[in-house]
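For the sequence shown, UniProt numbering puts the final residue at 342, and the numbers step up evenly by one.
Note that CB positions come from ideal geometry on N, CA and C, so glycine has one too.
As the structure is a prediction and not an experimental result, all values here were calculated from the model.
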Amino acid sequence: DDAVLDINGLVRHFTGPAGTVRAVDGVSLGIGRGEIVGLVGESGSGKSTVGRCAVRLDRPTAGQVTINGRDVTRLSKRALRPLRKDFHLVFQDPSSSLDPRMTVGAIVGQPLRLHRLASGDALRDRVAALLAQVGLRPELARRRPHELSGGQRQRVSIARALSVDPQLLVADEPTSALDVSVQASVLNLLADLQRERRFGCLFITHDLAAVEYLADRIAVMHLGQLVEQAPAAELFADPKHPYTQALLSAAPVPDPAAQRSRARIVLSGELPSPLDPPSGCRFHTRCPLAVDRCRAEPPVLRRLAEGGGRRQVSCHLVADDGTAPDAATI
Ligand code: SF4
Ligand code: MG
13 DDAVLDINGL VRHFTGPAGT VRAVDGVSLG IGRGEIVGLV GESGSGKSTV
63 GRCAVRLDRP TAGQVTINGR DVTRLSKRAL RPLRKDFHLV FQDPSSSLDP
113 RMTVGAIVGQ PLRLHRLASG DALRDRVAAL LAQVGLRPEL ARRRPHELSG
163 GQRQRVSIAR ALSVDPQLLV ADEPTSALDV SVQASVLNLL ADLQRERRFG
213 CLFITHDLAA VEYLADRIAV MHLGQLVEQA PAAELFADPK HPYTQALLSA
263 APVPDPAAQR SRARIVLSGE LPSPLDPPSG CRFHTRCPLA VDRCRAEPPV
313 LRRLAEGGGR RQVSCHLVAD DGTAPDAATI
């Protein structure tokens, strides 16, 4: 098996005074070696929780997380420690994940030190090379995070994540806290590094243009569940699930003449609470195509015959041959 990440039936519930938040409710997702999978959906859909469980920063309530063929679902912190060099998470806001008391050089070199992969001059050389790879001047090694710009800080956290050559990188909204003017350069950096090093990447974002640019495959998440999964080009050319159609219709189209420019689908109502998700299809309260069956029976994510089985969708109205109604025509 060539998967770097294999998530199977992942469930993460949080129980508090208000009840049980069903943040993730049965997500299965695989990432192949060198593959970039985009995970998209509204905020509150559970994307970040999937990402945190994927690198075992969070412990799943049920289901299984396998990294490089090794089941890490229930490993203790201690047992996880030596494995941690194989998977890293780059957070949305680098300021909160970089220790303000440490210098940039110490931050970037920390994983190498912890895993005893370099020390002394060799460590200093590795750190200098890493800074160069993420486009930072060597002098910055002596600075502290607050002396850097947001874009530079995110480059530092990328350098740290890649210092030990992980097989899997989870990037959770890596550019959304940055100025629009530097977002593209950080995305380009990630794309370049990924092409060179071929790590598998789970790229979590609500930025559809970014995901279209970066991802090989896209998974669409809604209220704790995946509703569609497809190769990126196919998803953008022909979204099957009404929720995907709505998401894409709301995204700005870079080229207005592009054939995929589609009628805007405006979803009525709020994203329902994961404390009390709707019965049947969790999208039925906002779906322009909902029928009686949708309120009663939850659709299952299933493989379509169309496209050689590379597409999956969970909607009662999408046929196995891929025939799907267009929510924009309603
Ligand atoms: Fe809409 Fe029904 Fe399909 Fe759910 S199953 S997306 S409610 S048509
Ligand atoms: Mg999030």
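A Cβ-Cβ contact shorter than 8 angstroms links Pro243 with Arg229. Take the alpha-carbon of Gln166 and the one of Gln145: they are about 13 angstroms apart.
Shortest gap from the CB of Tyr225 to any heavy atom of the ligand SF4: 7 angstroms or more. The way I'd put it, the stretch 97 to 115 does touch the stretch 182 to 191; three or more beta-carbon pairs between them come closer than 8 angstroms. Looking at the backbone, the Cα of Val16 and that of Gly44 are separated by about 6 angstroms. Relative to Gly81, the option among Ser285, Gly334, Leu69, Leu95 whose CA is nearest is Leu95. Our two residues, Ile119 and Ala183, have alpha carbons roughly 18 angstroms apart in a direct line.
Fully enclosed beta strand (DSSP E) runs of no fewer than 3 residues occupy 212 to 216, 229 to 234, 237 to 243 of the stretch 200 to 271, in order along the chain.
For Ala140, the secondary structure class from DSSP, reduced to helix, strand or coil, is helix. The set of residues with any CB-heavy atom separation to the ligand SF4 below 5 angstroms comprises, in chain order, Pro254, Cys293, Phe295, His296, Cys299, Leu301, Ala302, Cys306, Pro311, Cys327, His328, Leu329. Excluding the 5 residues flanking it on each side, Gly42 has same chain C-beta neighbours closer than 6 angstroms at Ala15, Asp18, in chain order.
C-alpha of His234 to C-alpha of Lys59: approximately 9 angstroms in a straight line.
Counting along the chain, Gln122 sits inside no beta strand (DSSP E); it lies in the alpha helix (DSSP H) bounded by residues 116 to 126.
Note that the C-beta distance between Pro337 and Val33 is not below 8 angstroms. Per the C-alpha coordinates, the member of Asp219, Arg125, Lys97 positioned closest to Ala262 is Asp219. DSSP places Gln324 within a strand segment (E or B) once states are collapsed to three. Nearest neighbour of Leu22 by Cα position, chosen from Gln237, Asp288, Tyr255, His253, turns out to be Gln237.
By the criterion of a C-beta distance shorter than 7 angstroms, Ser280 is surrounded in its chain by Arg298, once the five residues flanking it on both sides are discounted. Contact between Leu214 and Ile170 does not hold, since the beta-carbon distance rounds to 15 angstroms and is not under 8 angstroms.
His296 sits in coil when the DSSP states are folded into three classes, being neither helix nor strand. Within its own chain, the residues whose Cβ lies closer than 6 angstroms to the Cβ of Val84, once the five positions on either side in sequence are excluded, are Arg68, Val77, listed in chain order. Across the set Ala153, Asn200, Pro186, Arg155, the C-alpha of Pro186 shows the shortest separation from the C-alpha of Gly63.
Put simply, the backbone Cα of Val198 is about 20 angstroms away from that of Val176.
Residue pairing from DSSP leaves Val194 without any beta-bridge partner.
Residue nearest to Pro310 within the set Ile277, Val325, Asp204, Arg156 is Val325 (criterion: CA-CA distance). With respect to the C-alpha of Gly320, the residue from Leu313, Leu329, Gly334 having the closest C-alpha is Gly334. The continuous beta strand (DSSP E) containing Leu41 extends over residues 31 to 44. Boundaries of the beta strand (DSSP E) around Gln76: 74 to 79. Scanning its chain for C-beta atoms nearer than 7 angstroms, with the 5 sequence neighbours on each side dropped, one finds around Glu47 the residues Gly212, Asp228, Arg229, in chain order. Rounded to the nearest whole angstrom, the CA to CA distance from Glu246 to Arg71 is 33 angstroms. Comparing alpha carbon positions, the residue from Thr27, Gln241, Ala130, Gln164 closest to Val49 is Gln241.
A Cβ-Cβ contact shorter than 8 angstroms links Ala153 with Val116. Around the C-beta of His296, 16 or more other C-beta atoms lie within 10 Å, and the residue is accordingly described as buried. Sixteen is the threshold: since fewer than 16 other Cβ atoms of the shown chains lie within 10 Å of the Cβ of Pro150, the residue is exposed.
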